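**Q**
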Amino acid sequence: MAGALGSQYLGGLYPCEMCHWQRWPHYAAIAVALVAFMVTGGARRALVVVAALLIATSGAIGVFHAGVEYGWWPGITGCTSTVQAGGSVEDMFSKIMAAPMIRCDVAQWTLGGVSLAGWNAIVSIPSALVILWLAVKR
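For the sequence shown, this note's numbering gives the first residue as 7, with consecutive numbering after it.
Okay, structure coming up:
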């Protein structure tokens, strides 16, 4: 999440709708993991498993999003906007016309030919598998 938020707020890469979809399970995983630190025994293990499944879910959404970016399949969402509501109709129109349009089917940034959604999948799915393996390992 630090990388995603850093790229947004420090790097100026505005997230599209599917980028936000990938973030929600990570936010939930962080919350579940924090609760896991406060409990003991089987409840802790169960919460760690839930957090791992949430991380895997984000990775799966990343696979879908990367596929949309690479044109492997069509997306199911429209573009999003960074415009904040408020002001007169003329002000809103000016904001809309000046705002960047963030398309879900175009990667804003790549590293080694892999988009941020692809990197999310590459990192999240194996990480979730390791966490699950460690959670069930005695």
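Glycine included, every Cβ here is placed at the ideal spot set by N, Cα and C.
If you're wondering where the values come from, they're calculated on a predicted model, not measured in any experiment.
Can you tell me the Cα-Cα spacing of residue 82 and residue 22, whole angstroms?
**A** Cα-Cα distance, rounded: 12 Å.
**Q** Compute the Euclidean distance between the alpha carbons of residue 53 and residue 99, then round it to the nearest angstrom.
**A** Cα-Cα distance, rounded: 46 Å.
**Q** Count the other CB atoms, across all protein chains shown, that sit within 10 Å of the CB of residue 132; report buried if there are 16 or more and exposed otherwise.
**A** Counting Cβ neighbours within 10 Å, residue 132 comes out exposed, since fewer than 16 surround it.
**Q** Which partner residues of residue 121 appear in the DSSP bridge assignment?
**A** Answer is 116, bridged to residue 121.
**Q** Residue range of the alpha helix (DSSP H) that residue 40 falls in?
**A** It spans 23-44 - the alpha helix (DSSP H) in which residue 40 sits, taken as one unbroken run.
**Q** Alpha helix (DSSP H) containing residue 76: first to last residue?
**A** Taken as a continuous stretch (DSSP letters only), residue 76 belongs to no alpha helix (DSSP H), as it is neither H nor E.
**Q** With the cut-off set at 9 Å, would you say residue 60 and residue 35 are in Cβ contact?
**A** Result yes, Cβ atoms of residue 60 and residue 35 sit closer than 9 Å.
**Q** Suppose you measure from the CA of residue 140 to the CA of residue 38; what does that come to, to the nearest Å?
**A** Roughly 17 Å separates the two Cα atoms.
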